[in-house]
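Structure, as structure tokens:
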Amino acid sequence: MSEDSGKKLTMVTCSAPVNIAVIKYWGKRDEELILPINSSLSVTLHQDQLKTTTTVACSRSFQEDRIWLNGKEEDITQPRLQSCLREIRRLARKRRSDGEADVDTAGLSHKVHICSVNNFPTAAGLASSAAGYACLVYTLSRVMGVEGELSEVSRQGSGSACRSMYGGFVQWIMGQQGDGKDSLAQQVEPETHWPELRVLVLVVSAERKPVGSTSGMQTSVETSSLLKHRADSVVPARMKEMIEAVHKRDFTAFAELTMKDSNQFHATCLDTYPPIFYLNDVSRRVINLVHRYNHHYRETKVAYTFDAGPNAVIYTLQQNVEEFVQVVKHLFPPETNGGQFLKGVPVAPTTLSEELKQAIGMEPMVKGISYIISTKVHTHTHTYIHTYTHTHTYTHTHRQHPPGPLPVSCASLRVGVVEGFGERA
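Numbered by the UniProt record's numbering, the letters in the sequence shown go through residues 1 to 425 in order.
Set out below in structure tokens:
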């Protein structure tokens, strides 16, 4: 082996989107394989506003697998991380044994170094684990030459991650087989199907939630009779109704199903013993606002949904965005919160009528919402590939970060990643 071949460092950088469920996943029938007790359906959001970016470096000089999260090195032996690494390597070896010529056989014996970062708050119920594991699995697959269906692999890291492998509207089919081979994600409609649909994320809190999704849903499965009723008797019909609403672009049906399912999900959290409280006073105030706004127009114009956290995700149509953003600004005055209140896709300011203000009839709440992320439906993963030979010997003497031009420097990460590689709705 030449000196240069020993120093060759292959890096692949990918980004993966957040998905927000409108029919929630909560509860597993198999903890190890991460098989859900019910199917679910989500909307994939635009990566310009919400994404995870992961760089995987692979080199003969690496002595062990390593990972950096939250700007610091974390334990690579975490079981779900190991499941994803083990499965991707198994698939790569299978391709090699099948004689496929494009598999990089040398890379299969090399260790990997992983760096990951989000451009949104982590561990606050904003789908960090879904984007994180989808990105991890997709990036590893590009490094190791694995192709084909990957949602089953990403599911083994975080259940909802399988939905982030696709853009647009995506269902996670619960499956029936004990080995989980039929528990897969499937695109219902592409991102181009409903261009008028818009999404507003009302960030109530960027703090880590007190009860993680993984432990929370396990307790719910063990103690909530409502959760069993929901999985057996409610969700199957709702999935059919939601898929039909998406196909027809029926916003009223889509919105009402979304809100009802969010409410029932949080009802199962309250039915859990001891109860789990993900919503706070601001969350409940947003719920009240949405219903008053819709009642004023005698039409369902906006819908809310909450995952396992206090932050509201609002679905609406393009023609309603300007007014509803102004309503949020009126009730949660941005000048008291400081910083940029509206991030993402620009929204033009407008004037609210006195009639609408009176109909809503709510007093402004100072510092209730930190900021709004304005976004829309988008596609799945993106890949940026870099292969180069570095000129400096890389050692592990000081446990330094991987060398080279990583798009996201491990040494400079300042925001969290992947909620401890956990779970969410």
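The C-beta atom is built at its ideal place from N, Cα and C for all residues, glycine as well.
Bear in mind the structure is a predicted one, so any value in this text is a computation, not a measurement.
Cβ shell of residue i (< 6 Å), same chain only, five flanking positions each side left out
i	result
Ala348	Glu322
Glu244	none
Gly368	Val282 and Phe332
Thr379	Gly167 and Glu191
Tyr133	Ser154, Gly157, Ser158 and Ala161
Asp271	Ser224 and Leu226
Thr393	Any reading at Thr393 must be qualified, since the residue scores a pLDDT of 30, below 50, and its modelled position is unreliable; no value is offered.
DSSP three-state assignment for residue i, whether helix, strand or coil
i	result
Ala348	coil
Glu73	strand
residue 430	No statement about residue 430 is possible, as the shown extent of the chain runs from 1 to 425 and does not include it.
Val204	coil
Leu136	helix
Asp98	coil
Leu41	strand
Ala308	coil
Gln186	strand
Ala131	helix
Arg60	coil
Ser164	helix
Pro236	helix
Pro17	strand
residue 462	The structure shown does not extend to residue 462, since the chain is modelled only from 1 through 425, so no value can be given for it.
Val211	coil
Ile276	coil
Same chain only: Cβ atoms within 7 Å of residue i, ignoring 5 sequence neighbours per side
i	result
Arg90	none
Pro334	Phe341
His110	Cys58, Ser59, Arg60 and Phe62
Arg238	Ile23, Leu257 and Asp261
Thr252	Thr300
Cβ pair residue i, residue j closer than 8 Å
i	j	result
Met242	Ile20	no
Val137	Ile88	yes
Val18	Ala185	no
Thr268	Ser224	yes
Tyr304	Met365	no
Trp26	Met217	yes
Tyr293	Phe254	no
Cys135	Ser15	yes
Ala57	Ser213	no
His247	Glu152	no
Arg198	Lys343	no
Thr13	Val143	no
Gly145	Arg93	no
Asp65	Val112	yes
Asp30	Gly180	yes
Ile372	Val328	yes
Thr44	Thr139	no
Leu41	Val234	no
Ser374	Leu200	yes
Beta-ladder partner(s) of residue i, from DSSP
i	result
Asn118	Thr52
His229	Bridge partners of His229: none, in fact.
Leu317	Leu197
Arg66	His113
Gln171	Leu41 and Gln186
Pro364	Partner(s): none; Pro364 has no beta bridge.
Asp30	Leu35
Leu257	Partner(s): none; Leu257 has no beta bridge.
Leu342	Ile372
Ala245	Beta-bridge pairing links Ala245 to no other residue.
Ala303	Tyr315
Contacting residues, own chain, Cβ-Cβ under 8 Å from residue i (five flanking each side not counted)
i	result
His330	Leu352, Lys357 and Pro364
Lys28	Ile34, Leu35, Pro36, Ile37, Gly159, Met217, Gln218 and Val221
residue 446	What the structure shows of the chain is the stretch from 1 to 425, and residue 446 is not part of that stretch, so it cannot be assessed.
Val302	Ala255, Val290, Tyr293, Asn294, Ile314, Tyr315, Thr316, Asn320 and Phe324
- Is the region 307-320 touching the region 197-212, taking contact as three or more C-beta pairs under 8 Å? Counting C-beta pairs closer than 8 Å gives three or more between the region 307-320 and the region 197-212, which meets the contact rule.
- Query: Would you say the region 35-43 touches the region 162-179, given that touching needs at least three Cβ pairs under 8 Å?
  - Reply: Segments in contact, yes.
- Query: Does the pairing of the region 355-363 with the region 284-299 give three or more beta-carbon distances under 8 Å?
  - Reply: With three or more CB-CB distances shorter than 8 Å, the region 355-363 counts as touching the region 284-299.
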